[in-house]
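Since the structure comes first, as structure tokens, the remarks are kept for the end.
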């Protein structure tokens, strides 16, 4: 891959297996670092103030401009510190992740990496991968996820499937579809 640092985008709908695949890839690629888009979730207080709490996980509930700006820093090289989302507390933790200056490969995973909307479309990657999972399988996985959290499955499933359709219908073509 070109340049001093390569950036791979692993995109897909909620429940498509992005996190699982990204973690497995990074574990098998010495020196690679995982950068999850979820660290850019807006805080629940911000979502409440904007009337977006029920849509948490939708494109407008992320700091997309901040995410794209951070990707620019990642591509430029040097050490980059980034936030990580703590799902057990439903909060992004600033400065919880570090990409060392010598890191050559960064795997970015998230729903909206290829979304054909501003500011998402300004993100630049060396390779893009989209996970293509049938809707019925997404529903099965998401139901199991929310049952595991002891959450309101129907409310979360409706929101996640709305977000899944956004990913499916509004993403730019990927270099590779799996």
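In the numbering used here, the protein residues as written are -17 to 160. A virtual CB, placed ideally from N, CA and C, is assigned to each residue, including glycine. Bear in mind that the values here come from a model prediction, so they are computed numbers and not experimental data.
| Check | Outcome |
| --- | --- |
| Residues bridged to residue 74 (per DSSP) | 67 |
| Where residue 18 falls: helix, strand or coil (DSSP) | strand |
| Counted within 10 angstroms of its Cβ, other Cβ atoms place residue 155 as buried (16 or more) or exposed | exposed |
| Three-state secondary structure (DSSP) of residue 160 | coil |
| Rounded straight-line distance, which links the Cα of residue 152 to that of residue 98 | 6 Å |
| Helix, strand or coil at residue 56 [DSSP, three-state] | helix |
| Best match in 31, 93 and 28 for proximity to residue 143 [C-alpha to C-alpha] | 93 |
| Candidates 50, 30 and -4: closest to residue 116 by CA position | -4 |
| Member of 146, 148 and 48 whose CA lies at the smallest distance from the CA of residue 104 | 48 |
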